[in-house]
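Visitor:
In my numbering, the protein residues as written are 29 to 125.
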């Protein structure tokens with residue numbers, strides 16, 4: 029397993045744990061959590077990290093992620109880069125829209 033694959037596996041586990049912790053606050057039988065907020069909160073993180081790992085060229089990153097280059101640029105512009113270690117997982121999930 030390459031370093032990149034190991035990092036991806038660690039990130040995936042950390043995200044899964046954060047998601048599980050977030051979902052514990054909901055009653056599975058009566059509550060329907062809005063997952064769109066989580067997706068929107070993670071999009072800038074994924075884009076920023078991909079810029080650091082994949083390439084410094086936005087068109088290449090957009091192709092790799094399968095997104096429109098304009099969306100990538102707009103998301104990066106509206107969300108200045110923060111190192112992932114600086115943002116606690118709960119803070120990402122608890123941000124109001």
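Just so it is clear, CB atoms sit at the ideal spot from N, CA and C, and this is done for glycine as well.
Counting pairs of beta carbons, one from the stretch 74-87 and one from the stretch 99-110, are three or more of them closer than 8 angstroms?
Guide: yes
Visitor: Starting from residue 64, follow the alpha helix (DSSP H) in both directions and report where the run begins and ends.
Guide: Along the chain shown, one-based indexing puts residue 64 at 36. Where residue 64 is concerned, the enclosing alpha helix (DSSP H) stretches over 64-81.
Visitor: Any heavy atom of the ligand NAP closer than 7 angstroms to the beta-carbon of residue 97?
Guide: As for the ligand NAP, it is missing from this structure, which has no ligand bound.
Visitor: Do you know how far the Cα of residue 33 is from the Cα of residue 39?
Guide: Numbered from its first residue, the chain shown carries residue 39 at position 11. Numbered from its first residue, the chain shown carries residue 33 at position 5. If you take the alpha carbons of residue 39 and residue 33, they lie about 10 angstroms apart.
Visitor: Exposed or buried, residue 54, counting other C-beta atoms within 10 Å across all chains shown (16 or more means buried)?
Guide: Taking the first residue of the chain shown as 1, we reach residue 54 at position 26. Exposed is the call here.
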